[in-house]
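K.L.:
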Amino acid sequence: AQKVTQAQTEISVVEKEDVTLDCVYETRDTTYYLFWYKQPPSGELVFLIRRNSFDEQNEISGRYSWNFQKSTSSFNFTITASQVVDSAVYFCALFISSGSARQLTFGSGTQLTVLP
Amino acid sequence: EAGVAQSPRYKIIEKRQSVAFWCNPISGHATLYWYQQILGQGPKLLIQFQNNGVVDDSQLPKDRFSAERLKGVDSTLKIQPAKLEDSAVYLCASSRDGVAGNTIYFGEGSWLTVV
Chain A
32 AQKVTQAQTE ISVVEKEDVT LDCVYETRDT TYYLFWYKQP PSGELVFLIR RNSFDEQNEI
92 SGRYSWNFQK STSSFNFTIT ASQVVDSAVY FCALFISSGS ARQLTFGSGT QLTVLP
Chain B
18 EAGVAQSPRY KIIEKRQSVA FWCNPISGHA TLYWYQQILG QGPKLLIQFQ NNGVVDDSQL
78 PKDRFSAERL KGVDSTLKIQ PAKLEDSAVY LCASSRDGVA GNTIYFGEGS WLTVV
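Residue numbers (the numbering used here), protein chains in the order written: chain A, 32 to 147; chain B, 18 to 132.
The following block contains the structure:
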């Protein structure tokens, strides 16, 4: 069975600070995909990034960066120079590619509040 | 490109009443999902369709929940009779197909309150 753990329930930072959101996953599959989604108060889950299990290269997109380490089963997300608009719930999710029913398994989310 | 559309956005009903939610996925997306998100938790898959066939409904409470996707496009999720614990956001999502790695896109959700 697969599992995603986001140990940080809530984080508050002051604008312009950097913040890292942690994600640890469990799976026996060797092929899988990891996702990060952002959920603002409106409720829609906004796709941020997808990473497959064979690609451990870190990625940077503007103020966002992701650190994927298979050795520790972690896929952490860093926001540099945070802004008030970054305030949202962030979900890490795991997608398994084996079996007939492929689905996303979500963590419980991290509520990020960026204070002005 | 239009995103995943859902309606209604908000619904308040009394327990034991029925409710239906509608979803229109992104054009051309063969796979459609319904997720339930209880406040403070991550979304949980209820049912997955590939075109108009059910791929996985193992977590759907079939005594009260039903879903269909008759023509392989739009889908409807019904709850009858509703219980207090059904209060949640019901998220519809779609992907090009069920292949691993395809991005799953979500709608804004239908917020249900059962009183």
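Glycine included, C-beta positions come from ideal geometry on N, C-alpha and C.
Determine the burial state of B/Leu101: buried for a count of at least 16 other Cβ atoms within 10 Å of its Cβ, exposed for fewer.
P.N.:
Within the second sequence, numbered from 1, the residue matching residue 101 of chain B stands at position 84. By the 10 Å Cβ count, B/Leu101 comes out exposed.
K.L.:
Can you find a CB in chain A that lies within less than 7 Å of the CB of B/Leu77?
P.N.:
In the second sequence, the residue the question calls residue 77 of chain B occupies position 60. Output row for B/Leu77: interface = no.
K.L.:
Please name the residues in the segment 68-79 of chain A whose beta-carbon is closer than 9 Å to at least one beta-carbon of chain B, in chain order.
P.N.:
Tyr68, Gln70, Ser73, Gly74, Glu75, Leu76, Val77, Phe78
K.L.:
What in chain B is Cβ-close to A/Ser139, meaning under 7 Å?
P.N.:
If you number the first sequence from 1, residue 139 of chain A lands on position 108. By Cβ distance, chain B contributes Gln58, Gly59.
K.L.:
Counting only beta-carbon atoms, is A/Leu146 nearer than 7 Å to chain B?
P.N.:
Counting from 1 along the first sequence, the entry for residue 146 of chain A is found at position 115. No, its Cβ sits nowhere closer than 7 Å to a Cβ of chain B.
K.L.:
Quick check on DSSP: helix, strand or coil for A/Ser96?
P.N.:
Sequence index remark: in the first sequence, residue 96 of chain A carries index 65 (1-based). Correct three-state label for A/Ser96: strand.
K.L.:
Quick check on B/Thr48: buried or exposed, where buried means 16 or more other Cβ atoms within 10 Å of its Cβ?
P.N.:
Along the second sequence, one-based indexing puts residue 48 of chain B at 31. Per the 10 Å Cβ criterion, buried.
K.L.:
Going by DSSP, which residues form a beta bridge with B/Arg86?
P.N.:
To locate residue 86 of chain B, count along the second sequence from 1; it is residue 69. Answer by DSSP bridge pairing: none, since B/Arg86 is not bridged.
K.L.:
Residue range of the beta strand (DSSP E) that A/Glu41 falls in?
P.N.:
Position 10 of the first sequence, counted from the first residue, corresponds to residue 41 of chain A. That run of the beta strand (DSSP E) goes 41-45.
K.L.:
Looking at the structure shown, is A/Lys101 part of a helix, part of a strand, or coil, going by DSSP?
P.N.:
The sequence position of residue 101 of chain A within the first sequence is 70, counting from 1. Correct three-state label for A/Lys101: helix.
K.L.:
Output yes if chain A places a C-beta closer than 7 Å to the C-beta of B/Gly70; else output no.
P.N.:
The count along the second sequence starts at 1 and reaches residue 70 of chain B at position 53. Cβ-Cβ to chain A under 7 Å: no for B/Gly70.
K.L.:
So B/Tyr27 contacts chain A; which residues on that side make the cut at Cβ distance below 9 Å?
P.N.:
One-based indexing of the second sequence puts residue 27 of chain B at position 10. For a Cβ distance threshold of 9 Å, nothing in chain A lies close to B/Tyr27: the least Cβ distance comes to about 10 Å.
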